[in-house]
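Notes follow once the structure below has been shown.
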Amino acid sequence: MRRLLVTGALGQIGVELVPVLRKHYGADRVVASDLRAVTSRSFTAGDDYERLDCMQPSQIFEVMRRRDIGAVYHLAALLSAVAEKRPQEAWTVNMDTAYNLLEAAREFRCQLFFPSSIAVFGPSTPRQRAPQVTIQRLTTIYGVSKLAGELLCDYYTRRFGVDARGLRLPGLISSVAAPGGGTTDYAVEMFRAAASGERYSCFLAPDTRLDMMYLPDAIRAMIDLMEADPTRLGHRNAYNVTAMSITPAELATEIRKHLPSFAVDYHIDPMRQAIADSWPQSLDASAARDDWGFSPRFNLAALTRDILAKLREKMKASGDERLKCETSHDHARID
Ligand code: NAD
Ligand code: SER
Numbered sequence: 422m423r424r425l426l427v428t429g430a431l432g433q434i435g436v437e438l439v440p441v442l443r444k445h446y447g448a449d450r451v452v453a454s455d456l457r458a459v460t461s462r463s464f465t466a467g468d469d470y471e472r473l474d475c476m477q478p479s480q481i482f483e484v485m486r487r488r489d490i491g492a493v494y495h496l497a498a499l500l501s502a503v504a505e506k507r508p509q510e511a512w513t514v515n516m517d518t519a520y521n522l523l524e525a526a527r528e529f530r531c532q533l534f535f536p537s538s539i540a541v542f543g544p545s546t547p548r549q550r551a552p553q554v555t556i557q558r559l560t561t562i563y564g565v566s567k568l569a570g571e572l573l574c575d576y577y578t579r580r581f582g583v584d585a586r587g588l589r590l591p592g593l594i595s596s597v598a599a600p601g602g603g604t605t606d607y608a609v610e611m612f613r614a615a616a617s618g619e620r621y622s623c624f625l626a627p628d629t630r631l632d633m634m635y636l637p638d639a640i641r642a643m644i645d646l647m648e649a650d651p652t653r654l655g656h657r658n659a660y661n662v663t664a665m666s667i668t669p670a671e672l673a674t675e676i677r678k679h680l681p682s683f684a685v686d687y688h689i690d691p692m693r694q695a696i697a698d699s700w701p702q703s704l705d706a707s708a709a710r711d712d713w714g715f716s717p718r719f720n721l722a723a724l725t726r727d728i729l730a731k732l733r734e735k736m737k738a739s740g741d742e743r744l745k746c747e748t749s750h751d752h753a754r755i756d
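Position one of the sequence shown corresponds to residue 422 (the numbering used here), numbered consecutively onward.
In structure tokens, the structure reads:
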């Protein structure tokens with residue numbers, strides 16, 4: 422059986438996706454990779470890891486040939502807030518890496534997973550239950566690169582028969598790695614502050630409504646989509662998926678059910694607020710449900726219970742009263 426390659430595996434999604442893929446397909450079948458050197462905090466020593474810059478086609482081709490790769494989860498990218506700070510770099514990184522991986526997938530007859538985003542929608546898209554097929558006059562460079570990535574994936578499928586599949590992911594809430602410079606990062610930061618007994622200063626306004634999903638649900642959706650019968654996929658790139666539509670104030674209220682003294686104040690970052698205001702407040706995920714059975718397990722209450730328990734456990738294990746970031750995201754700096 423050919424192996425799976427995960428690019429950008431040291432990021433927020435990758436550090437949780439890789440162990441799930443290894444459990445599902447076997448540890449010897451999953452190769453993790455990233456631009457950065459692996460640290461003891463991200464994967465354990467001896468894990469199958471390749472240092473791989475997805476901007477370098479020769480490195481990609483060499484790894485894919487040597488490791489006999491048959492499917493790629495291509496996670497390497499710059500997220501929305503970093504991208505808006507450094508638009509030229511974001512266009513180059515997001516588009517060149519997508520093109521390089523698609524070319525490699527064509528050459529090695531590989532399956533490719535492409536993570537798209539709610540950022541492919543803009544202010545003229547319906548704000549409630551944004552449809553699967555709708556107007557997409559978006560206003561951020563991140564959104565432009567994600568929509569171009571979706572179209573490029575569809576082109577490679579039609580023109581070269583590459584089996585490319587994608588999800589339009591909402592903000593992802595997770596407990597292991599720090600988020601990588603997105604607009605929805607406030608949710609992860611709020612949980613970390615709450616679990617550490619700290620006040621949280623939120624960079625979005627309290628009533629900013631956006632779609633979110635717990636990372637374990639997103640990972641299950643990625644694997645389900647990659648394993649789905651291709652004849653049932655009406656919208657390969659990419660399917661709307663979501664689990665909840667929430668505001669920072671609603672998230673804080675839910676956390677206070679467990680930690681009543683948790684306090685939040687609001688120091689709005691105009692750039693991230695403008696990005697959030699340009700996105701829909703909710704997505705219609707019915708195409709994903711109908712075509713391949715998408716069905717998230719965690720609503721806001723279940724997610725909050727689960728993530729607070731995991732964060733507390735982690736703090737107890739490290740003997741630390743504060744949660745430190747597991748990954749140093751140089752590429753994700755937005756200051
Ligand atoms: P992240 O920023 O946490 O991680 C991205 C990883 O890519 C980093 O570890 C970085 O070192 C690596 N990387 C950057 N440039 C690279 C290169 N040239 N070669 C190899 N690796 C490189 O991002 P994430 O949150 O894990 O997101 C992964 C993917 O999912 C991205 O494409 C993102 O756009 C998409 N996505 C994420 C979310 C979310 O909420 N996290 C939502 C929608 C879509
Ligand atoms: N969570 C991501 C971001 O905020 C959406 O793609 O950038």
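Idealized CB from N, CA, C, for every residue including glycine.
Here the structure is a predicted model, which is why all the values come from computation and not from measurement.
- What number of angstroms, rounded off, separates the C-alpha of Lys737 from the C-alpha of Ser454? So the alpha carbons of these two residues sit roughly 30 Å apart.
- Determine the burial state of Leu572: buried for a count of at least 16 other Cβ atoms within 10 Å of its Cβ, exposed for fewer. Counting Cβ neighbours within 10 Å, Leu572 comes out exposed, since fewer than 16 surround it.
- Task: Tell me the start and end of each unbroken beta strand (DSSP E) in the segment 664-745 that is at least 3 residues and wholly inside, in chain order.
- Result: The qualifying runs are 665-667 and 685-687.
- Could you please give the first and the last residue of the uninterrupted beta strand (DSSP E) stretch that includes Gln532? Membership of Gln532 in the beta strand (DSSP E) is indicated by the continuous run Gln532 to Ser538.
- For Asp686 and Arg768, believed in contact at Cβ under 8 Å, the rounded distance: For the chain, the structure presents residues 422 to 756; residue 768 sits outside this window and is missing.
- How would you label Pro411, buried or exposed, when you count the other beta carbons within 10 angstroms and need 16 or more for buried? Here the chain has residues from 422 to 756 only, and residue 411 is not among them.
- Inter-residue CB distance, Met634 and Asn720 (contact presumed, cutoff 8 Å): About 10 Å separates the two Cβ atoms, so there is no contact after all.
- Message: So, with DSSP's three-state summary, where would you put Leu442?
- Response: Judged by DSSP in its simplified three-state form, Leu442 adopts helix.
- Check whether Ala497 and Val503 have beta carbons under 8 Å apart: Between Ala497 and Val503, the C-beta spacing is not below 8 Å.
- Message: According to DSSP, is Ala497 part of a helix, a strand, or is it coil?
- Response: Under the three-state reduction of DSSP, Ala497 is assigned to coil, being neither helix nor strand.
- Should Cys574 be listed as close to ligand 1, given that the test is whether its C-beta is under 7 Å from any heavy atom? For Cys574, the shortest separation between its Cβ and any heavy atom of ligand 1 does not lie below 7 Å.
- Task: Under 6 Å Cβ to Cβ from Asp517, same chain only, skipping five residues before and after it: list those, please.
- Result: Non-local C-beta neighbours of Asp517 in its own chain, meaning closer than 6 Å and more than five positions away in sequence, comprise Met476, ordered along the chain.
- Starting from the Cα of Met422, find the closest Cα among Leu431, Ser545, Tyr446 and Glu483 and give me that residue. Taking the Cα of Met422 as reference, the smallest distance to any Cα among Leu431, Ser545, Tyr446 and Glu483 is reached at Tyr446.
- Compute the minimum distance between the beta carbon of Arg457 and the heavy atoms of ligand 1, and state whether it is under 7 Å. Flag set: Cβ of Arg457 near ligand 1.
- Task: Along the alpha helix (DSSP H) that carries Met476, what are the first and last residues, could you check?
- Result: Met476 -> no alpha helix (DSSP H), and no H or E assigned at all.
- Item | Local conformation of Ser566 per DSSP, three classes | It is helical.
- Query: With 16 as the cutoff for other CB atoms within 10 Å, does Ile667 come out buried or exposed?
  - Reply: Counting the other CB atoms within 10 Å of its CB gives Ile667 a total of 16 or more, which places it among the buried residues.
- Taking the beta strand (DSSP E) that Asp455 falls in, what are its first and last residues? In the DSSP assignment, Asp455 falls within the unbroken beta strand (DSSP E) covering Val451 to Asp455.
- Query: What three-state label does DSSP hand Thr555 in the structure shown?
  - Reply: Thr555: coil per DSSP, three-state reduction.
- Query: From which residue to which residue does the alpha helix (DSSP H) around Val514 run?
  - Reply: In the DSSP assignment, Val514 falls within the alpha helix (DSSP H) that extends over Pro508 to Phe529.
- Task: Check whether the Cβ of Ile511 lies closer than 7 Å to any heavy atom of ligand 2, and answer yes or no.
- Result: The displayed chain sequence assigns Ala, not Ile, to residue 511. It does not: the Cβ of Ala511 is nowhere closer than 7 Å to a heavy atom of ligand 2.
- Contacting residues, own chain, Cβ-Cβ under 8 Å from Asp489 (five flanking each side not counted): Answer for Asp489: Arg423 and Arg424, listed in chain order.
- Query: Using CA coordinates, which residue listed in Lys444, Ser501 and Tyr494 is at the minimum distance from Ala695?
  - Reply: Among Lys444, Ser501 and Tyr494, the Cα nearest to that of Ala695 is on Ser501.
- Query: Going along the chain, which residues of its own chain have a beta-carbon closer than 8 Å to the beta-carbon of Cys746, five neighbours each way excluded?
  - Reply: Per-residue confidence for Cys746 stands at a pLDDT of 47, beneath the threshold of 50, marking its modelled position as unreliable; no derived number is given.
- Do you know whose CA, among Ala626, Pro701 and Gly740, lies nearest Arg693's CA? Each of Ala626, Pro701 and Gly740 was checked against the Cα of Arg693, and the nearest Cα belongs to Ala626.
- So Val583 and Arg527 are in contact, right, with Cβ under 8 Å, and what is the actual spacing, rounded? Contact between Val583 and Arg527 holds, with the beta-carbon distance rounding to 5 Å and staying under 8 Å.
- Item | DSSP-derived helix/strand/coil call for Ala504 | The answer is helix: DSSP assigns Ala504 an H, G or I state.
- Message: If I follow the unbroken beta strand (DSSP E) through Leu425, where does it start and stop?
- Response: Looking at the DSSP string, the run of the beta strand (DSSP E) that includes Leu425 is Arg424 to Thr428.
- Query: What residue does the alpha helix (DSSP H) around Arg641 start on, and which one ends it?
  - Reply: That run of the alpha helix (DSSP H) goes Leu636 to Glu648.
- Relative to ligand 1, is the shortest distance from any of its heavy atoms to the C-beta of Gln433 smaller than 7 Å? Under cutoff, so the answer is yes.
- Please list, in chain order, all residues of the same chain as Ala639 whose beta carbon is under 8 Å from its beta carbon, the five residues on each side excluded. Cβ contact annotation for Ala639 (same chain, cutoff 8 Å, sequence separation greater than five): Ile434, Leu588, Leu590, Leu593 and Val662, in chain order.
- Where Asp698 and Gly543 are concerned, what is the direct C-alpha to C-alpha distance, given to the nearest angstrom? Between Asp698 and Gly543, the C-alpha separation is close to 9 Å.
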